[in-house]
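*Asks:* Just passing along the structure, written as C-alpha cells.
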Amino acid sequence: MRTRTQVGIVGAGPSGLLLSHLLHLQGVASVIVENRSRDYVEHRVRAGVLEQAAVDLLKEAGVGERMVREGLVHNGIELRFGGRGHRIDFPSLTGGRAITVYGQQEVVKDLIAARLAAGGEIVFEAADVGVHGIDTDTPLIRYRKDGSEHEVSCAIVAGCDGFHGVCRQAIPDHAQHVFERTYPFAWLGILAQAAPSHEELIYAYHDRGFALFSMRSPEITRLYLQVAPDEDIADWPDERIWQELHTRLETDDGWRLNEGPVLEKGITPMRSFVCEKMQHGRLFLAGDAAHIVPPTGAKGMNLAVADIHVLTRALTAFFKSGRGDLLATYDATCLKRVWRAEHFSWWMTSMLHRFPDDDGFQQRLQRSQLDYTVGSRAAAASLAENYVGLPFA
Ligand code: APR
Ligand code: PHB
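To convert, take the position in the sequence shown, counting from 1, and add 49; that gives the working numbering.
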C-alpha cells in the first residue's frame with residue numbers, strides 16, 4: 050500500500066509532531082510514521098522545562114492553550130550548596146524572560162490532538178520502519194503494519210525518531226562526523242505524588258553527589274539523584290531514594306522535602322552527542338535523532354523545538370517557492386544553537402556533579418564557580434540567559 054505526501058516524518062515525539070503541525074499551518078502536507086502506540090508516546094515521562102521562545106512558538110501555533118492553563122511559569126531557579134540556597138532571578142537578569150514547567154508528554158498529547166483534529170495522518174505501531182532512496186528526489190519510508198507492507202513516498206524525509214532511531218544510520222558513515230562524551234554518572238529519577246515543597250527548581254551540589262528538585266504540577270514532584278552509571282534500580286528501594294534526597298537537598302534552616310508515593314522511577318544515562326551533518330540528500334534530522342545533551346541544562350526538548358522552527362521555514366520556502374537555499378543551510382543554522390546548548394549543558398553538568406576520580410581539585414573549582422555564579426551579576430546573567438534560552442534563529 051502506497052501513500053503520497055510532501056514530507057514523510059519518522060517519529061511522533063515532540064520534533065515530528067510539531068513539524069507536522071507547523072507544516073500543516075503553512076499548507077504543506079505530511080505523514081508521520083511512529084513505531085510505538087499512541088498511548089505509549091502520550092505517557093512516556095521525559096523532560097519538563099520549556100524555554101520562553103518554545104512557549105511563544107507553541108502559543109503562536111495554536112497549541113498552547115492547555116500549557117498556558119496548566120503549565121507553571123518559573124521566574125528563577127535555586128542553586129543549593131554549602132547548606133543554603135542561592136536564587137537566580139530570570140526576569141531581572143534577562144530582560145523579562147522566564148521558563149515554563151510543562152511535561153513533554155503533555156506537549157505530545159496537545160500536538161497529537163491538534164493533528165488528528167485537523168485530519169492529519171499519524172501511523173502508530175508501525176514495524177520495521179526504514180528510509181530508502183534519500184539520494185534520489187523520491188525518497189520512501191517503508192514499514193509493516195497489520196501484516197502488510199506500506200510505503201510513504203515523499204519529496205523530503207524528516208528524521209525525528211530520537212537517539213535510538215533508524216534515520217541517522219541512513220546517512221553514510223563517511224558523510225557524518227559524530228562528537229560524543231559520556232559522563233561517569235547517571236540520573237535516577239522519580240515522579241512522586243507529593244506537593245512540591247518549593248516554588249522553583251533546585252539544583253543541589255553536595256559531597257554525596259548532585260540532586261535536582263523539580264515538579265510537574267501542584268500535586269506532583271519530580272526528583273533526581275546522581276548515581277553511578279551502572280547502578281541497578283533494584284538496589285534503590287523508595288526509602289533509600291528518599292533518604293538520599295533528604296541528605297543532598299538539606300539546608301541549615303531546616304527546609305523539608307515533602308514525600309509521597311513514588312509513581313514512577315528510572316535511571317537515565319548522561320551523554321553529550323552531536324551528529325554533524327544533520328542532513329544528507331533528501332533526509333533532514335531534527336531533535337534527539339541528531340543531538341543529545343545531558344539533562345542538567347534542561348535543553349533537550351527546547352533544542353528539538355528550535356530545529357523544527359528552522360526546518361519548517363526551510364521546507365515552506367522549498368515547497369511554496371521552489372527555494373532550496375534555506376534547506377541547504379539547515380544544519381549550519383541549527384548547529385550554532387545546538388553547540389551553545391551543548392556547551393551550557395556540559396558546563397552545568399561539570400559544575401554540579403561529583404566526579405568519581407576527583408582528588409579534590411575539581412571540587413574546589415566547582416565551589417569557586419558556584420560562588421562566582423551566585424555572587425557576580427555578570428556570571429548569574431550568563432547562566433540565566435542560557436537557561437531561559439537564546440532567541441530562535
Ligand atoms: N520508527 C518510527 N519511530 C521511531 C523509531 C523508528 N525506527 N525509533 C524511534 N521512534 C520514535 C520514538 O518512539 C519516539 O516517539 O521516534 C520518537 C522520537 O521522539 P523523542 O525521542 O522524544 O525525540 P524528539 O521528538 O526529537 O524530542 C526530543 O525528547 O528525549 C527527549 O530530552 C529529549 O526533550 C527532548 C525530546
Ligand atoms: C524535569 O523536571 O524533568 C527536569 C527539570 C530540569 C532539568 C532536568 C529535568 O534540568
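Think of the CB as a built atom: it goes at the ideal place given N, C-alpha and C, for glycine as much as any other residue. Note that the structure is predicted; figures quoted are calculated from it, not measured.
On the three-state DSSP scale, how would you describe I171?
*Replies:* Three-state result, I171: strand.
*Asks:* Is the region 114-127 touching the region 402-412 in the sense that three or more CB pairs, one from each, lie closer than 8 Å?
*Replies:* Segments in contact, no.
*Asks:* For a quick check, are the C-beta atoms of S79 and V59 less than 8 Å apart?
*Replies:* Against a cut-off of 8 Å, the Cβ pair of V59 and S79 comes out as no contact.
*Asks:* For the ligand PHB, is there any heavy atom lying closer than 7 Å to the beta carbon of P344?
*Replies:* Indeed, a heavy atom of the ligand PHB lies less than 7 Å from the Cβ.
*Asks:* Between the beta-carbon of I148 and the beta-carbon of E114, is there less than 8 Å?
*Replies:* Contact: no.
*Asks:* Give the straight-line distance between the Cα atoms of F173 and P221, rounded to the nearest whole angstrom.
*Replies:* About 27 Å.
*Asks:* Relative to the alpha-carbon of D287, which residue among L272, D88 and A277 has its alpha-carbon at the smallest distance?
*Replies:* Selected option, being the one with the closest Cα: L272.
*Asks:* Taking Cβ positions, are H329 and A224 nearer each other than 8 Å?
*Replies:* Yes, these two residues count as a Cβ contact at 8 Å.
*Asks:* List, from N- to C-terminal side, the beta strand (DSSP E) runs of 3 residues or more that fit wholly inside the region 225-274.
*Replies:* With a minimum length of 3 residues, the continuous beta strand (DSSP E) runs that stay inside the region 225-274 are 226-242, 250-253 and 260-266.
*Asks:* Look up H199 in the DSSP assignment and say whether it is helix, strand or coil.
*Replies:* Here H199 sits in strand by DSSP.
*Asks:* Kindly indicate which three-state DSSP category E83 falls into: helix, strand or coil?
*Replies:* The answer is coil: DSSP assigns E83 none of H, G, I, E or B.
*Asks:* Which same chain residues end up closer than 7 Å to Q153 when comparing Cβ atoms and leaving out the 5 residues on each side of it in sequence?
*Replies:* Once the five neighbours on either side are set aside, the close Cβ partners of Q153 are P63, R95, A96, G97 and M350.
*Asks:* Per the DSSP calculation, R129 is bridged to which residue(s)?
*Replies:* G134 and A253, per the DSSP bridge assignment.
*Asks:* For T187, count neighbouring C-beta atoms within 10 Å of its own C-beta (all shown protein chains included) and say buried if the count is 16 or more, exposed if not.
*Replies:* The residue is exposed, with fewer than 16 neighbouring Cβ atoms inside 10 Å.
*Asks:* Buried or exposed: where does P140 fall if 16 or more other Cβ atoms within 10 Å of its Cβ makes it buried?
*Replies:* Exposed: under 16 other Cβ atoms inside 10 Å.
*Asks:* For the alpha helix (DSSP H) holding K369, just list the boundary residues, first then last.
*Replies:* From DSSP, the alpha helix (DSSP H) with K369 extends over G349 to S370.
*Asks:* What separation, rounded to the nearest whole angstrom, lies between the Cα atoms of A444 and D159?
*Replies:* Summary: the structure shown does not reach residue 444, with the chain confined to residues 50 through 442, and so no result is reported for it.
*Asks:* On the three-state DSSP scale, how would you describe K326?
*Replies:* Residue state, collapsed to three classes: coil.
*Asks:* In whole angstroms, what separates the C-alpha of P344 from that of D184?
*Replies:* Looking at the two C-alpha atoms, the distance is approximately 34 Å.
*Asks:* Inspect the CB distances between the region 366-376 and the region 249-265 and report whether three or more fall short of 8 Å.
*Replies:* Output reads no: the region 249-265 does not touch the region 366-376.
*Asks:* Just to confirm the assignment, what range does the alpha helix (DSSP H) spanning D374 have?
*Replies:* Element bounds for D374: D374 to A377.
*Asks:* Return yes when at least one heavy atom of the ligand PHB lies under 7 Å from the C-beta of L261, else no.
*Replies:* At least one heavy atom of the ligand PHB is nearer than 7 Å to the Cβ of L261, so yes.
*Asks:* Suppose the cutoff is 7 Å on Cβ atoms and the five residues either side in sequence are ignored; what does the same chain contact list for A429 look like?
*Replies:* Closer than 7 Å at the Cβ level, and outside the excluded window around A429, lie I137, L142, T422 and V423.
*Asks:* Is Q218 closer than 8 Å to R403 when the C-beta atoms are compared?
*Replies:* The answer is no: Cβ separation not under 8 Å.
*Asks:* Should A335 and T382 be called a contact, given that it needs their Cβ atoms to be closer than 8 Å?
*Replies:* Their beta carbons are not under 8 Å apart, which means A335 does not touch T382 by this criterion.
*Asks:* Do you know how far the Cα of P233 is from the Cα of R320?
*Replies:* For R320 and P233, the distance between alpha carbons rounds to 10 Å.
*Asks:* May I ask whether a heavy atom of the ligand APR can be found less than 7 Å away from the beta carbon of M327?
*Replies:* Incorrect: M327 has no Cβ contact closer than 7 Å to the ligand APR.
*Asks:* For Y192, which residues does DSSP report across the bridge?
*Replies:* The partner list for Y192 (beta bridge, DSSP) reads H199.
*Asks:* As a quick exercise: from M400, T398, A390 and S417, pick the residue whose alpha carbon is nearest that of E434.
*Replies:* Looking at the Cα atoms, A390 is the closest of the given residues.
*Asks:* By how many angstroms is the C-alpha of M400 removed from the C-alpha of G258?
*Replies:* C-alpha separation (whole angstroms): 11 Å.
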